[in-house]
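A.B. asks: Each residue of the sequence shown is one higher than the one before, counting from 1 in UniProt numbering. Beta carbons: idealized from backbone N, C-alpha and C, even for Gly. Because the structure is a prediction, the values reported are computed rather than measured.
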Amino acid sequence: MQILPLIVGLKNDINESAKQNLLRYATGDKLDVIGEFYNTARLQAQKARVTLRFTLSAIQPTNITIPAGTRATPDGQLYFATIQELTIPAGQTQGDVIAEATEGGEKYNGFAPGQIKTIVDPVPYVASVANIDTSSGGSDTEDDDHYRDRIRQAPESYSTAGPEGAYIYWAKTADANIIDVSVSSPSAGTVKVVPLLKDGEIPSQAILDKVTAIVSSKDKRPLTDNVQVAAPTTVSYDITLTYYIALERQTEETIIRNAIEGTGGAIDQYKLWQAGKLGRAINPDYLRQLMLNAGAFRIDITSPVYTEINLDQVAKAGTVTIAYGGLI
Numbered sequence: 001m002q003i004l005p006l007i008v009g010l011k012n013d014i015n016e017s018a019k020q021n022l023l024r025y026a027t028g029d030k031l032d033v034i035g036e037f038y039n040t041a042r043l044q045a046q047k048a049r050v051t052l053r054f055t056l057s058a059i060q061p062t063n064i065t066i067p068a069g070t071r072a073t074p075d076g077q078l079y080f081a082t083i084q085e086l087t088i089p090a091g092q093t094q095g096d097v098i099a100e101a102t103e104g105g106e107k108y109n110g111f112a113p114g115q116i117k118t119i120v121d122p123v124p125y126v127a128s129v130a131n132i133d134t135s136s137g138g139s140d141t142e143d144d145d146h147y148r149d150r151i152r153q154a155p156e157s158y159s160t161a162g163p164e165g166a167y168i169y170w171a172k173t174a175d176a177n178i179i180d181v182s183v184s185s186p187s188a189g190t191v192k193v194v195p196l197l198k199d200g201e202i203p204s205q206a207i208l209d210k211v212t213a214i215v216s217s218k219d220k221r222p223l224t225d226n227v228q229v230a231a232p233t234t235v236s237y238d239i240t241l242t243y244y245i246a247l248e249r250q251t252e253e254t255i256i257r258n259a260i261e262g263t264g265g266a267i268d269q270y271k272l273w274q275a276g277k278l279g280r281a282i283n284p285d286y287l288r289q290l291m292l293n294a295g296a297f298r299i300d301i302t303s304p305v306y307t308e309i310n311l312d313q314v315a316k317a318g319t320v321t322i323a324y325g326g327l328i
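Written as structure tokens, this is what we have:
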């Protein structure tokens, strides 16, 4: 009887090993090997960029040079370094330069103007530094699900006739955060490519430029295609509702309310789902489903109402008003 668990374990190992040869189940390095057959490599982490403005303590009679690699930080843990030397001419007090994160990663995105304000490498006569735009363009190494999806689409890339699938495939190679792409032809000879980022984020101009460079290259597009790359148009909707919990679940009231209104709860899940795909209709029925699954008994939804949107649009939540009606 003691040998039976060993046999079962061995068979499970053999089964798992065999599944790693299939695109649907492969993970990690095994998935990378499958990607090689399709000439599709995993996208590596990308570094975020931001514009830093250095300000002198006073006007100087000579040029002040700020070396390439001068670092600034928003929090003492994440660092941005200037990518080139900056010269502030005599008689001026400010100068702008592009800085890049010292490592790849999505965590470097989203620092609003003024948040990156601590100089790590002091420079004579420089009094302060601050970013003047929001950091963007950083991405983590492509995860297995996103990579697997691109491998599935790889055969589309072989066509030079400009099919929809080819534009989608090549657009997704620009950044690992691109989760959806809309391709349309608003007029003869014109192709409009609209990328959407993870969690429904709107791509920055830097990412749009990367997509443009890839899909417009001579070896990717038909000669007669005029390719235009644009950010999605947002369609705002409000959430206004009242929900109730069944009286017999009184002991679970706090847990259920948190599962609905708390961080990562049904409301947050709905907002992420709604913004997770271009052209996804605003559908209050899915919100109702999520809330019922979380434990709500009755839900009166005033808004949103079911609304179709265009394929180059994404629905984003506006004002959210959630009322708890109590136990019934």
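Got a sec? Which residues, its chain only, sit under 6 Å from Glu156 by beta carbon, not counting five neighbours each side?
C.D. replies: To locate residue 156, count along the sequence shown from 1; it is residue 156. Counting only Cβ-Cβ distances below 6 Å, and skipping sequence neighbours, we find Gly165, Ala166 and Tyr169.
A.B. asks: From this set, Ile245, Gln250, Thr251 and Gln274, which residue's C-alpha is nearest Ile260's C-alpha?
C.D. replies: The residue you call residue 260 lines up with position 260 of the sequence shown. Taking only the C-alpha atoms, the option nearest Ile260 is Ile245.
A.B. asks: Whose CA, out of Glu142, Thr190 and Asn39, lies closest to the CA of Tyr158?
C.D. replies: Position 158 of the sequence shown, counting from 1, holds the residue named residue 158. For Tyr158, the nearest C-alpha among the options comes from Asn39.
A.B. asks: Please state whether the Cβ-Cβ distance between Gly276 and Ile179 is less than 8 Å.
C.D. replies: By 1-based counting over the sequence shown, the position of residue 276 is 276. By 1-based counting over the sequence shown, the position of residue 179 is 179. Cβ distance < 8 Å, so Gly276 and Ile179 count as in contact.
A.B. asks: So, for Gly279: in the same chain, excluding its five sequence neighbours on each side, which residues have a beta-carbon less than 7 Å away from its beta-carbon?
C.D. replies: Residue numbering aside, residue 279 sits at position 279 when the sequence shown is read from its first letter. Answer for Gly279: Ser182, Ile309, Asn310, Leu311 and Gln313, listed in chain order.
A.B. asks: Considering just the uninterrupted stretch of the beta strand (DSSP E) at residue 332, what are its terminal residues?
C.D. replies: Lying before the first or after the last residue shown, residue 332 is absent from the chain, which here runs from 1 to 328.
A.B. asks: Relative to the C-alpha of Tyr237, which candidate in Arg152, Ser217, Ala281 and Lys198 has its C-alpha closest?
C.D. replies: The sequence position of residue 237 within the sequence shown is 237, counting from 1. Nearest option by C-alpha distance: Ala281.
A.B. asks: Between the C-alpha atoms of Asn283 and Thr307, what's the straight-line distance to the nearest angstrom?
C.D. replies: Sequence index remark: in the sequence shown, residue 283 carries index 283 (1-based). Sequence index remark: in the sequence shown, residue 307 carries index 307 (1-based). Cα to Cα, Asn283 sits roughly 7 Å from Thr307.
A.B. asks: Comparing C-alpha positions only, which one of Thr190, Ile59, Val50 and Tyr147 sits nearest to Lys117?
C.D. replies: For the purposes of this step, residue 117 is taken as the residue at position 117 of the sequence shown. Among Thr190, Ile59, Val50 and Tyr147, the Cα nearest to that of Lys117 is on Val50.
A.B. asks: Taking Cβ to Cβ, would you say Thr242 is nearer than 8 Å to Gly325?
C.D. replies: As a first step, residue 242 must be located in the sequence shown, where it is residue number 242. As a first step, residue 325 must be located in the sequence shown, where it is residue number 325. The answer is yes: Cβ separation under 8 Å.
A.B. asks: DSSP three-state call for Glu85: helix, strand or coil?
C.D. replies: For the purposes of this step, residue 85 is identified with residue 85 of the sequence shown, where counting begins at 1. Reduced to three states, the DSSP call for Glu85 is coil.
A.B. asks: Which ranges would you report for the beta strand (DSSP E) in the stretch 185-236 if only whole runs of at least 3 residues count?
C.D. replies: List check, beta strand (DSSP E) in window: 190-197 and 226-229.
A.B. asks: Mapping the DSSP letters down to three states, classify Asn131 as helix, strand or coil.
C.D. replies: To locate residue 131, count along the sequence shown from 1; it is residue 131. Correct three-state label for Asn131: strand.
A.B. asks: How far does the beta strand (DSSP E) with residue 333 in it reach, from first residue to last?
C.D. replies: The chain is shown only over 1 to 328; residue 333 falls outside these bounds and no answer can be derived.
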